[in-house]
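So for the sequence shown, our numbering puts the first residue at 209; every next one is plus one.
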Amino acid sequence: MSVPYETAAYEPAESPESPEEHLARLLGRALNSFELPDEVIRRLDSALAHDSSLHSAHHCAGLHRETYRHTWLLADGAAVTLWELVHNTVPGGPAEHEVFADEEELQTATGRLGLPQDTPDFELPALMRLWSVPAPRHVFASQDSADHARRLLRRAENPDRPDAETAALLATATAHEITQAFGRPGRAGRAGLSYALYEHAFLLPDGDEVSLWEVEHTATPDGRHMCEVYMSEDAARGAMEQRAARRG
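Set out below in structure tokens:
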């Protein structure tokens, strides 16, 4: 049994912050955001997706220094990276944020802090370089997860959306997490096709996890918003590649 799409009752996806919101938050907390080149900011106006990761971290005696890599995927298939430096100037003091468009500028700013970078006395033991510690696959939250699954499947328009058996399984979900997927733009990016991809991960009562992959796009004849849901990331990306191929 298929789940009909209800155009009049379309509900926006419960997604993380947009690329624009993430950029605004980053620039809003950085003390030196006014130093970023205008050209970089203009290019980020066309961002389709973003990804952030911890690059390195050192903590000792109330002092800390962390660097983060923030990357945006642009409509033309290119990527732009900004580097964020977070540190305090006195032990236990508040964190200060700086942002840089170039990794060399980041290294120069890091050197000005006067904090040792590789001495054993400064680094905490047991892999304080946090990029070597794998992050949890999912961080679930219990927020009407079964209802979220129902609404997600209801707004999916693709004929090959997950079937009734999957819907019944997800009706038992106890928690879920939504994350924006980020990766190679492929043909879709090169064709200028704007879309966003989200993973909806669900936790089941027996501890198993099930993920659905949602594509949001406006690649429709009249430019209206469309939602498609697939059982795998490859299927979701493949669908967008096919749309781009038809356009090309």
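Just so you know, even glycine gets a beta-carbon here, dropped at the ideal spot from N, CA and C.
Computed from a predicted model, the values in this text were never measured in an experiment.
Excluding five sequence positions before and after L361, the CB atoms of its chain that fall closer than 7 Å to its own CB belong to V211, R369, P370, A375, V437, given in chain order. Residue burial annotation: S353 is buried, with at least 16 other C-beta atoms found within 10 angstroms of its C-beta. When H425, P413, D430, A357 are compared, the shortest CA-CA separation from E449 is found for H425.
Sequence-distant Cβ neighbours of P245 in its own chain, meaning closer than 7 Å and more than five residues away, are A309. Annotation: the segment 346-398 contains the following complete segments of the beta strand (DSSP E) (minimum length 3 residues), in chain order: 383-388.
Where A238 is concerned, there is no enclosing beta strand (DSSP E), because DSSP gives it neither an H nor an E. DSSP lists F410 as the bridge partner or partners of V418.
Annotation: the continuous alpha helix (DSSP H) that includes T318 extends over 311-320. Straight through space, the alpha carbons of L239 and L321 are spaced by roughly 15 Å. Around the beta carbon of A409, 16 or more other beta carbons lie within 10 angstroms, which makes this residue buried.
When beta bridges are read from the DSSP output, T279 appears opposite D259, T289.
Residue burial annotation: T316 is exposed, with fewer than 16 other C-beta atoms found within 10 angstroms of its C-beta. E247 has no beta-bridge partner at all, per DSSP. Setting aside the 5 residues that flank it on each side, H272 is surrounded in the same chain by A265, H266, V294, H295, N296, A303, each with a C-beta closer than 8 Å to its C-beta; the list follows chain order. Bounds of the beta strand (DSSP E) holding H305 are 304-308. DSSP places V298 outside any beta strand (DSSP E), giving it a letter other than H or E. Under the three-state reduction of DSSP output, E449 falls in the helix class.
Y406 is the residue among A357, Y406, A447 whose C-alpha sits nearest the C-alpha of L256.
In this structure, DSSP gives S264 an extended state, which the three-state scheme calls strand. Under the three-state reduction of DSSP output, A443 falls in the helix class. For the options I386, P367, V347, the alpha carbon positioned closest to that of A357 is the one of I386. The alpha carbon of S226 has as its nearest neighbour, out of E247, R251, F242, D259, the alpha carbon of D259.
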